[in-house]
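Below is one structure, written out as structure tokens, with a few remarks after it.
In this note's numbering, the protein residues as written are 51 to 173.
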């Protein structure tokens, strides 16, 4: 009888360990997917903010979102890399210029001017 209890305890311990291992794997996978979604979430919020400012059309919203997702993904890569501050700042300036060029292409001249005025007032 004691042998059976001892064997059952071992099996329960083994199954508990396996269950904890899989829970840890799920948690790790969830964290990595959150990091992947963060660029999209940030771009979505920025697109919404821009829409509130200049009233974007549906097509403009989609195009702006694409530009901002690309920029956020690149900024994330710049933050991850072990590079000098000078190189990181140059990369950020380049990304800002790319976003500005993309928005200039997408927005009407009056929308773009309103956007630029809002940036200047934030500085």
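Using N, Cα and C, we set each Cβ at its ideal position, and we do this for glycine too.
Cα-Cα separation, residue i to residue j
| i | j | result |
| --- | --- | --- |
| residue 127 | residue 114 | 20 Å |
| residue 155 | residue 116 | 13 Å |
| residue 66 | residue 51 | 22 Å |
| residue 141 | residue 60 | 56 Å |
| residue 94 | residue 58 | 52 Å |
| residue 172 | residue 111 | 22 Å |
| residue 99 | residue 133 | 31 Å |
| residue 157 | residue 96 | 15 Å |
| residue 144 | residue 102 | 26 Å |
Sequence-distant residues of the same chain with beta carbon closer than 7 Å to residue i, five excluded per side
| i | result |
| --- | --- |
| residue 107 | none |
| residue 89 | 119, 122, 123 and 126 |
Minimum C-alpha distance to residue i - residue among the options
| i | options | result |
| --- | --- | --- |
| residue 169 | 141, 150 and 159 | 150 |
| residue 148 | 118, 112 and 171 | 118 |
Cβ of residue i within 8 Å of any chain C Cβ
| i | result |
| --- | --- |
| residue 111 | No chain C is present in this structure, which holds just one protein chain. |
Residues of its chain near residue i, where Cβ-Cβ distance is below 6 Å and the 5 sequence neighbours each way are ignored
| i | result |
| --- | --- |
| residue 161 | 104 |
| residue 138 | 128 |
Given 8 Å as the limit, is there contact between the stretch 118 to 133 and the stretch 162 to 173, that is, 3 or more CB pairs closer than that? Flag = no, the stretch 118 to 133 and the stretch 162 to 173 do not touch.
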